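Heads up: the protein sequence lines correspond to chains A and B, in order. Take the first sequence: its position 671, counting from 1, is numbered 671 in my numbering, and each next residue is one higher. Take the second sequence: its position 797, counting from 1, is numbered 797 in my numbering, and each next residue is one higher. Written below as structure tokens is the structure these notes are about.
2 protein chains.
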Amino acid sequence: MTNGHGQHPEQSYAGETGDSIEYADQRRGYGIHPWKLTRSGLLPDDVAASETLFTLSNGHFGMRGSLEEGEPRVVPGTYINGFYEQRPLPHAESGYGFPESGETVVNVTDGKLIRLFVGDSPFDLRYGTTHSHERALDLRTGTLDRSTEWTSPNGQSVRVTSRRLVSFVHRSLAAIEYEVEALDDNVYLAIYSDLLANEQNATASSDPRDAAVLDRPLKSEDSGARGQQAVLLHRTRRSKLRMAAGMDHVLEVPQGAETTIEAGGDLARYTVTAQLPKGSKLRMIKYLSYGWSHRRSTPALRDQVEAALAVGKLIGWDELLEKQRAYLDEFWQHADVEIDGDPGLQQAIRVSMFHVLQCSARAEGQGLGAKGLSGIGYDGHTFWDADLFALPMLTYTKPSAARDHLLWRRNTLPEARARAAELGLAGAAFPWRTITGKECSGYWPAGTAAFHVNSAVANATARYVAATGDREFDAGAGTELLTETARLWMSLGHFDGAFHIDGVTGPDEYTAIVDDNLYTNVMAQANLTEAADACERNPGTASELRVTAEEIAEWRKAAAAMAIPYDEKLGVHAQSEDFTKRDEWDFEDTADEFYPLLLHYPYFQIYRKQVIKQADLALAMQLRGDLFTPEQKARNFAYYEARTVRDSSLSAATQAVLAAETGHLDLAYDYWAEVALVDLGDLHGNVDDGLHIASMGGSWQVAACGFGGMRDHGGVISFAPRLPHALDRLRFRIRSEDRVVEVQVTRTGQEQTATYRLIEGESFATTHHGQPVELSGSDAVELAVPAVPQVEPVTQPARREPTRRRPQR
Amino acid sequence: MTNGHGQHPEQSYAGETGDSIEYADQRRGYGIHPWKLTRSGLLPDDVAASETLFTLSNGHFGMRGSLEEGEPRVVPGTYINGFYEQRPLPHAESGYGFPESGETVVNVTDGKLIRLFVGDSPFDLRYGTTHSHERALDLRTGTLDRSTEWTSPNGQSVRVTSRRLVSFVHRSLAAIEYEVEALDDNVYLAIYSDLLANEQNATASSDPRDAAVLDRPLKSEDSGARGQQAVLLHRTRRSKLRMAAGMDHVLEVPQGAETTIEAGGDLARYTVTAQLPKGSKLRMIKYLSYGWSHRRSTPALRDQVEAALAVGKLIGWDELLEKQRAYLDEFWQHADVEIDGDPGLQQAIRVSMFHVLQCSARAEGQGLGAKGLSGIGYDGHTFWDADLFALPMLTYTKPSAARDHLLWRRNTLPEARARAAELGLAGAAFPWRTITGKECSGYWPAGTAAFHVNSAVANATARYVAATGDREFDAGAGTELLTETARLWMSLGHFDGAFHIDGVTGPDEYTAIVDDNLYTNVMAQANLTEAADACERNPGTASELRVTAEEIAEWRKAAAAMAIPYDEKLGVHAQSEDFTKRDEWDFEDTADEFYPLLLHYPYFQIYRKQVIKQADLALAMQLRGDLFTPEQKARNFAYYEARTVRDSSLSAATQAVLAAETGHLDLAYDYWAEVALVDLGDLHGNVDDGLHIASMGGSWQVAACGFGGMRDHGGVISFAPRLPHALDRLRFRIRSEDRVVEVQVTRTGQEQTATYRLIEGESFATTHHGQPVELSGSDAVELAVPAVPQVEPVTQPARREPTRRRPQR
């Protein structure tokens, strides 16, 4: 660990833990710190990855962690949630209902740029001499901090420090504190603080998971500059969305400086030139503001951005910092997950939770994208995993963010209803991938056919309502979402004795267009029941939605009759009808380099064999665990574990949860590390394109649902905590209505003890490994953790076992 | 019927049958004639259809029936078999093994053009006064004949007659006899006889079944003109294929004429100007020659085309005509199907057979396209139906053409082997659609997954070998084709007790990616057995192909263990595993205008319901009829008939054959008319894009296999003739090795009698409704046809019953 430099008191990266643990999957240059993600030096190969990992965002807009000085950079993206451009979706052979246009997130005007010239030389770490270069994403201050000591090619030395934030409290504001200290005499400086639209793009890729790269998506509409402030206004060419970016500055220079401001077309620039005596500092605060609209006029948008800048300046840098810290203190106070025994994992879990918070906190009216606002991977689209992997964490730690996403789903109901109608279905068919709510999937067997996205919305809705007791939401958006998704299932399925849902694709994308996917069926079953309950709870809303008693009865009838495929011969549930009769994949003969399989084998081969991309039945056993006996879970887990290749980052979290439940705690621990390090360790090789937000949400799920054993079947919360050998302690807290509940499990020798405590609220009833627990006041309840039952070892496909996590203390 | 005009003795269209029967599905303007397709007058709506129906072709190249004068026209196409251009195949989301480029037939240099100017006026039937305009495709002379009497807008009258042929005997030659007779005094004429490349295209369509329209696909490479001859040489831009078109002329004008010749770029022109006294005629013979190559040089190709023109001129028009007639006389002598009782159907069957012959007769090294050489529908691609619907007719009537197609399949084995390897399979995977042998399908669930195309090649191979006794083919291409297709099945299927083939698409494209499609399985079963037999017959070839005794044993083992899905509860075979458990389609609520379903419903809806696009299990019952009892056939036919919507032109022929076999003779008759009239009646609304060659081959199959009851299971030919009520007599002839066998069935009151006779050959053994029949010498064997067994009526989906064919005598 090389994180001690101590030159900047606010940015002391010296490991607070004092140790120097390293892991095989720890990336070079990154340091371990309980509350920071730190990195020393500049590695050319890591530029794009660090841009992703150091992303700052508040859910409304996000800025990748590129350097203020602009270079070196790979993808210096800035993204506004919901701001997209249309692009054609070409089909080699078109078909009815194939979407003809897609949506792609746009790299909007870059406001991070503060180009620095020292004497004649651009400040660029690839030239001159870098004495130190330290960066840190601080999870408590909510800032991206850097400090660089550098000597220019012509011998002048400076120390550049910067601190950047995207405000959680003021959602259209970002700010950068930028300081240059002269380490030599009479250093001449020039600073160009820019707004730059239509930045050059990185080159396109042929990986189908990547995004469509748009060339110069923005058309200049207006610009203006006065004093230290400038604004650029642009519009997208096809989607016709308008955006404004503004900047304002506060400058402190001991001996004064020359400044100019200008704006036009794609560039606005505030120029500062100054001469610094040795030891003196130039300090500049750059305020940034973003706004967009599909209907507001150019002047209105311009005024909006300028007003935000004025507010920002009035509040001032220090107060912005304080508010940011206070916001995060409040979050961590009730959300933090603590573990003892693995500082690297501790860091990764907090980084993960921080990014999930960042991409959702202030989304307000927009969805939660698969990459958050950290990159253009997956075109910036939102998928089902937002609802099932990110929302559980938010529901129990930051419910307002979960609510925002669900309200966005509700707001896209017109598109989802239209899509259902286009498909000949009732209710609402939520899109597989989208920005605005319109289906943007170009490959229907793994898009349109994956109707389980509707059950994800319903599941998240029901969970949110149960966890928060948000009656207003329940009576409005909640009941509407549950009703329209329930209607979809009724039109999609049919009774034949049992209720069958044929021709769909479940979460496992290596098996497509199947009958009675168990996951889809049991999730639809819950959806139908929850819709019936919601309508009965909210008869007024139900009546507005024209739900009749007969309709509710049909929902309950279908739920009761739901087909649940089971292979009697093997004694396991079938992922879908006849799945277990399929040919086996030849894992022994599939070399490492043939993963992910989808890039090396045709779909038809993958679909017809027993090879599983990602947890499917396992996810059903997590979310509908009350339907399975412990013995069934154990047998099913072993069967599917042996056939799951984890080619999706969505898999390991669920496998961890089920591994923990079925007594494979060390396997669960290995999976946890895989989940939490998916981006820090770049385990899928594409961190450059953005964060895996679902996996990051999964990190929390493994804590709470895996080692915490938390379940919320039917809205009733239960726990069954248990630690793996590597950990000595786990503590997490969840919100439930007006309460905050703390669960802690500790190890003493072979014994494990769980402690339950109310942090807020008056009383709470739950269970501990099935045993009732009543919490009231601040009294802790301490209970022994039952011994792990004897379990048969499980295996993964050849060469697909997770990396064993072995800290090298 | 308005086909008597009598002005041109050679083109007397006067109905030889003397009656005037009309049918609801008879198209306006077309007349009924036993040996001609005639049409009177010019209907703007029918221009494209008549261009298709009047196509002349010899399998090497084809010319649509556009008028010599060039206008009016919609698609004046000329196509050379195998001559294509590449085009990109875009995918909204790409995937491993998705083809990235496609192939599209090219409209090559048009040589039909003979533009005529009468005085100042272009000869164009949309202007001036048309007194008569008669055209006829003559099925015995193999010519397209026309006669037009017309007065120009400025009052000068002419009679234009023309006769056009594409030579069956000289495969690179076409010729046009063009006569203009002055009906007024001193008519000034100008004639532009052209070669024109890169003709303007019709507008593109959004129907996925249509072709990609290429804009200016040809690049000029060279041109030359001398005397009355001119040549244009072009090359495609991407596929880099070179082609040459040449023309030469012989002119007869009573008082002489001025002529010039010129050539350059995309146009070559022979100009004739003359003055004709009343009653005199200008007569011109235009010889046309086409050649192409992917490796021959420009000079070589030019010489080739000029040599062909020289030969053509030497032979002369009259001899070309005679040879054409002789070729067709020989064909009809052994191939004709005669029926009494339905002259319209009689005509349609002969037109169909004529077009199948035209598109295959001289293909020599190229495949038999779905549209022949009559249009750009389906991009000019060859599909499985060539092997299964067109080849049976050719095998039994023109075996050399069947052989040509199969040799093309053999020549594309390198591409098919490469495709199999790309897909992770053994042997050869023949493409779903192609020109060169490379897969060009852009939608894999109905392309790549339809592996039954391989069994179609194998089936055609085995049939050809059995029917012809062609030992050389059997020992070479035949064994190779059967072996490589058999190997594909072994790698595609797996043993699990039974041998299963999962994740494939059968002929019914409304059901995709299923397990154990019965058709695919039983066809694969035959394929495996035939491959084993062929290798045992031809041990030398087998050894060259590295076939071992163990491999053959595995083939036989898989064939013996083949899974054949059967629904015990319903007592019917299942089209695929669990098919009969699927939800039913709501036919009652599907209005007429929602057909074809694929243009109005998403695939996912169609795939998961019991709705069948085209005969699938029925085709299995035809081709593998020996696997089913008569009771099973009856029950299966009834079950699937009620769920088959016939959205494919490939369906009705098979339904007709099975309807006839199961005793529904009048239904079979209705289907026969639908099959035979698919283009003449434009029943699918897309005759403009080209002929439905498979359906045309199906017309013959309904005669031979439907009402003739002919089967060739295991290479053994049997008959079970039976007439529907509407017909009094059916006669057809088939070749079997060195024999020609005639089967005739006649009706006398309620009794039907079959007569079997050898036209060529010494002896032949067959069966009549199961009863052994031995033919020898020219002795006819007359046998009573057993009475039709009592059958339950069958039904079709609501509003999808075939039109009842009721002649209005």
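Built from N, CA and C at the ideal position, the CB exists for glycine as well. Everything numeric in this text was worked out from a predicted model, so none of it was measured.
If we cut at 8 Å on Cβ distances, does residue i have a partner in chain B?
i               : result
T592 of chain A : Residue 592 of chain A is actually Asp in this sequence, not Thr. Chain B, which has no Cβ nearer than 8 Å to the Cβ of D592 of chain A, makes this no.
W810 of chain A : Any question about residue 810 of chain A goes unanswered here, given that chain A covers just 1 to 809.
A449 of chain A : yes
I513 of chain A : yes
D589 of chain A : no
Given residue i, which residues of its chain have a CB within under 6 Å of its CB, disregarding the five upstream and five downstream residues?
i              : result
A24 of chain A : Legend: pLDDT at A24 of chain A = 47, less than 50; position of this residue unreliable, value from coordinates given subsequently. Counting only Cβ-Cβ distances below 6 Å, and skipping sequence neighbours, we find nothing.
So is residue i in contact with chain A if we call contact Cβ pairs under 8 Å?
i               : result
H494 of chain B : yes
P34 of chain B  : no
H684 of chain B : no
F604 of chain B : yes
E554 of chain B : no
R238 of chain B : no
G503 of chain B : yes
Count the other C-beta atoms from every protein chain shown that fall within 10 angstroms of the C-beta of residue i, then say buried if there are 16 or more, exposed otherwise.
i               : result
S778 of chain A : exposed
T748 of chain A : exposed
L570 of chain B : exposed
S543 of chain A : exposed
R433 of chain A : buried
P277 of chain B : exposed
P414 of chain A : exposed
S352 of chain B : buried
Y270 of chain B : buried
S576 of chain B : buried
E584 of chain B : exposed
S206 of chain A : For S206 of chain A, the predicted structure reports a pLDDT of 47, less than 50, and the residue's modelled location is therefore unreliable. The matter cannot be settled from this model.
S101 of chain B : exposed
In chain A, which residues lie with their C-beta within 7 Å of the C-beta of residue i?
i               : result
P810 of chain B : The structure shown does not extend to residue 810 of chain B, since chain B is modelled only from 1 through 809, so no value can be given for it.
K581 of chain B : D496
Ignore the nearest five residues each way along the sequence and tell me which others in residue i's own chain have a CB closer than 8 Å to its CB.
i               : result
N636 of chain B : V572, H573, L617, A618, M621 and F628
So with CB distances below 8 Å, who are the chain A contacts of residue i?
i               : result
W444 of chain B : P602, Y603 and F604
A424 of chain B : Contrary to the premise, residue 424 of chain B reads as Gly rather than Ala in this sequence. The contacting residues are Y601, P602 and Q605.
If you drop the 5 nearest sequence neighbours on each side, which residues of the same chain put their C-beta closer than 7 Å to that of residue i?
i              : result
E16 of chain A : Bear in mind that the predicted position of E16 of chain A carries a pLDDT of just 36, short of 50, making it unreliable; the figure below should be weighed with that in mind. Once the five neighbours on either side are set aside, the close Cβ partners of E16 of chain A are H33 and P34.
List, in chain order, every chain A residue whose beta-carbon is nearer than 9 Å to that of residue i.
i               : result
L691 of chain B : Under the 9 Å cutoff, chain A gives no residues; its nearest Cβ is about 22 Å from L691 of chain B.
K281 of chain B : Near K281 of chain B there are no residues of chain A at all, since even the closest Cβ is about 52 Å away, more than 9 Å.
Can you list the residues of chain B that residue i reaches, using a CB-CB cut of under 8 Å?
i               : result
R487 of chain A : Simply none; closest approach about 16 Å.
Measuring CB atoms only, is the region 65-82 of chain A touching the region 363-379 of chain A, in the sense that at least three cross pairs come out at less than 8 Å?
yes
Determine contact between the region 257-265 of chain A and the region 288-303 of chain A, defined as no fewer than three beta-carbon pairs at a distance below 8 Å.
no
Measuring CB atoms only, is the region 128-147 of chain B touching the region 448-468 of chain B, in the sense that at least three cross pairs come out at less than 8 Å?
no
Tell me whether the region 763-780 of chain A and the region 706-720 of chain A touch, counting them as touching only if at least three CB pairs, one residue from each stretch, are closer than 8 Å.
yes
Give a yes or no on contact between the region 531-542 of chain B and the region 619-633 of chain A, applying the rule of three or more CB pairs nearer than 8 Å.
no
Closer than 7 Å between beta carbons: that is the criterion. Which residues of the region 76-95 of chain B meet it against chain C?
Among the protein chains in the structure shown, which are A and B, there is no chain C.
Any contact between the region 661-675 of chain A and the region 794-803 of chain A? By contact I mean 3 or more CB pairs, one from each, below 8 Å.
yes
Below 8 Å, can you find three or more Cβ-Cβ pairs linking the region 148-160 of chain B to the region 304-311 of chain B?
no
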